[in-house]
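Q: One structure is given below, represented as C-alpha cells, and several questions about it will come after.
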Amino acid sequence: MKPVNAAARHWAAVEENSLLWGIQALVWVYRLFGRWVFRLFLRPVVSYYFLAGRLARESSREYLRHLSRFYPELGLGGGLWQSYLHFLSFGETLLDKIVVWTGNITPEQVDFPNRQLLLDLIEQKRGAMLLSGHIGNLEICQAIATMRGHIHLNILVHTKHAEKFNRLLGSRGSATIQLIQVTELSPAIAISLQEKIERGEFLVMVGDRVPVQGSRTVSASFLGENAEFPQGPYLLASLLRCPVFTLFCFPVDGRFKIHLEPFSDSIRIPRAEPKRQDMLQSLARQYAERLETYCRIAPLQWFNFYPYWRKPVAGDSGQIAAEDK
5 MKPVNAAARH
15 WAAVEENSLL
25 WGIQALVWVY
35 RLFGRWVFRL
45 FLRPVVSYYF
55 LAGRLARESS
65 REYLRHLSRF
75 YPELGLGGGL
85 WQSYLHFLSF
95 GETLLDKIVV
105 WTGNITPEQV
115 DFPNRQLLLD
125 LIEQKRGAML
135 LSGHIGNLEI
145 CQAIATMRGH
155 IHLNILVHTK
165 HAEKFNRLLG
175 SRGSATIQLI
185 QVTELSPAIA
195 ISLQEKIERG
205 EFLVMVGDRV
215 PVQGSRTVSA
225 SFLGENAEFP
235 QGPYLLASLL
245 RCPVFTLFCF
255 PVDGRFKIHL
265 EPFSDSIRIP
275 RAEPKRQDML
285 QSLARQYAER
295 LETYCRIAPL
305 QWFNFYPYWR
315 KPVAGDSGQI
325 AAEDK
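If you want it as C-alpha cells, here you go:
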C-alpha cells in the first residue's frame with residue numbers, strides 16, 4: 005500500500021467546478037446541433053480538463069499502469085497520450101448521459117443478452133440489488149427501465165454530484181427511476197428500501213467508491229494492489245435479504261452492451277469477528293475480480309479520477325472534475 009499523503013483525496017470532496025462551464029456549454033451544443041458538432045467542441049474542453057487537472061491526470065496514469073502490469077497483453081503503459089484518450093472516453097460518456105437524459109436513446113440501441121434474469125424476477129414480483137461501478141455509463145439504466153412495462157430502479161447516489169449534473173441537463177428524472185441520497189443510511193431509508201424490494205423494485209449501488217462518511221471500508225486486491233472498497237452494498241444486501249447481481253454497461257462498436265450477472269442469491273454477514281471481516285473481504289474481492297474482468301474488456305471506460313490505491317484523508321479536499329455518482 006502506498007503511503008497516505010496530502011494527495012490522497014476522498015472522491016466526495018472533489019468538485020466539478022473546473023468543468024462546470026464546459027459541461028453546460030456542451031449540453032446546449034448537443035441540443036442545438038447534435039452529436040457530431042458536439043464532438044468538435046468536446047476535444048478542447050477535455051484538453052483543458054486534462055491540462056488543468058493534475059491530480060486527475062496522475063490518477064488516470066496510475067490506473068493505466070496498474071492495468072498494464074495486470075494485463076500486459078493490452079499493451080498499455082500509462083503514458084500521457086493513453087491518459088488523454090482515457091479523458092476523451094470520459095468526455096464521450098458525458099455525451100451519452102446527455103443523450104439518455106434528453107430521451108434520445110431507445111431500447112433498440114442497447115444489447116442486453118441476460119435480460120431474462122431481470123424478467124424472471126419481475127414475473128416473480130421479487131426485487132434485487134444491482135451492484136454496479138464506474139465503468140461506462142450507468143445512465144443506460146434509463147433504457148432498462150423502459151424495456152418492458154415499468155421496471156422501477158432506485159439508484160443510490162451521493163447527490164452532491166448527481167443533482168448538479170441533472171440541473172445542467174434541465175431534467176427532472178424519470179417516472180421509473182429514482183435517485184436516493186445515501187450519504188448516510190438512516191433507519192428510515194433502510195425501511196423504505198426494504199419496502200421497495202418487497203414491491204419488486206430494484207436497487208442500484210456502486211461498489212467501487214468508499215462511503216462519504218464513516219470508515220466502513222474493506223481492503224481487497226484490485227489490479228495487483230490492495231484498494232479500499234465500501235462495505236455498504238454487502239451490509240445492505242444482508243439486511244434486505246435480497247439477491248444481488250452485478251450490472252455494467254459500456255459502448256461496444258457504437259452500441260451499448262449491458263452485462264448483468266448473478267453475484268449472490270443471498271448474502272448473510274456474520275455478526276461475530278473475525279468471520280464478519282473475512283466475509284466482507286471475500287465479497288469485496290469477488291466484486292474486484294468482476295471489475296477487473298470488465299476493465300480488461302473496456303480498459304478506457306473505468307472512470308475514477310482520484311488516487312484509487314491510497315486511503316482517503318478525512319476532511320481533505322481537492323479541485324478536479326469527477327463523475328457524478
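Residue numbers for the sequence shown follow the numbering used here, beginning at 5 and rising by one. By construction, the Cβ of each residue, glycine as well, lies at the ideal position given by its N, Cα and C atoms.
1) Give me, in chain order, the residues of the same chain whose beta-carbon lies closer than 8 angstroms to that of Q182; leave out the 5 immediate sequence neighbours on both sides.
2) In terms of residues, what are the limits of the alpha helix (DSSP H) holding E232?
3) Kindly indicate which residue of R61, L197 and L121 has the alpha-carbon position closest to the one of L92.
4) By a C-beta neighbour count over all protein chains shown, 10 Å radius and 16 as the cutoff for buried, is R314 buried or exposed?
5) From which residue to which residue does the beta strand (DSSP E) around H70 run?
6) Per DSSP, what are the beta-bridge partners of S268 in this structure?
7) Hey, quick one: how far does the beta strand (DSSP E) through S136 stretch, first residue to last?
8) Where do the ends of the alpha helix (DSSP H) carrying L287 lie?
9) Would you mind sorting Q86 into buried or exposed? The rule is 16 or more other CB atoms within 10 Å of its CB.
10) Between the Cα of F267 and those of P278, M283, T250 and T110, spot the shortest distance and give me the residue it belongs to.
11) Classify F309 as buried or exposed, calling it buried when 16 or more other Cβ atoms lie within 10 Å of its own Cβ.
12) Using the Cα positions of A17 and V214, report the straight-line distance between them to the nearest angstrom.
13) Who are the Cβ neighbours of V103 in its own chain at under 8 angstroms, not counting the five residues just before and after it?
14) I'd like to check one pair, E143 with D100: are the Cβ atoms closer than 9 angstroms?
15) Does DSSP classify A194 as helix, strand or coil?
A: The answer reads as follows:
1) Taking the first residue of the sequence shown as 1, we reach residue 182 at position 178. Cβ neighbours of Q182 beyond the five flanking positions: H156, L157, N158 and I159.
2) Counting from 1 along the sequence shown, the entry for residue 232 is found at position 228. Premise fails: E232 lies in the beta strand (DSSP E), E229 to P234, not in any alpha helix (DSSP H).
3) Within the sequence shown, the letter at position 88 stands for residue 92. Nearest of R61, L197 and L121 to L92, Cα basis: R61.
4) Working through the sequence shown from its first residue, we reach residue 314 at position 310. So R314 ends up on the buried side.
5) As a position in the sequence shown, residue 70 is number 66, starting the count at 1. Careful: H70 lies outside any beta strand (DSSP E), inside the alpha helix (DSSP H) at R58 to F74.
6) Along the sequence shown, read from residue 1 onward, the residue named residue 268 stands at position 264. BP columns for S268 point to V248.
7) The sequence position of residue 136 within the sequence shown is 132, counting from 1. Run containing S136: A132 to S136, per the beta strand (DSSP E) assignment.
8) Locating residue 287 in the sequence shown gives position 283, where the first residue counts as 1. Unbroken alpha helix (DSSP H) run through L287: K279 to I301.
9) Translated into the one-based positions of the sequence shown, residue 86 becomes position 82. Buried: at least 16 other Cβ atoms inside 10 Å.
10) Start at 1 with the first residue of the sequence shown, and residue 267 comes out as number 263. The shortest Cα separation from F267 among P278, M283, T250 and T110 belongs to T250.
11) Working through the sequence shown from its first residue, we reach residue 309 at position 305. By the neighbour-count rule (16 or more Cβ atoms within 10 Å), F309 is buried.
12) Within the sequence shown, residue 17 is the residue found at index 13, counting from 1. Within the sequence shown, residue 214 is the residue found at index 210, counting from 1. Bear in mind that a pLDDT of 49 at A17, under 50, signals an unreliable position, so the number given afterwards is only what the model happens to contain. Whole-angstrom Cα-Cα distance: 12 angstroms.
13) For the purposes of this step, residue 103 is taken as residue 99 along the sequence shown, with counting starting at 1. Cβ neighbours of V103 beyond the five flanking positions: Y34, R39 and I109.
14) For the purposes of this step, residue 100 is taken as residue 96 along the sequence shown, with counting starting at 1. For the purposes of this step, residue 143 is taken as residue 139 along the sequence shown, with counting starting at 1. Cβ atoms of D100 and E143: closer than 9 angstroms.
15) Taking the sequence shown and counting its residues from 1, the one referred to as residue 194 is at position 190. A194 falls in the helix class under three-state DSSP.
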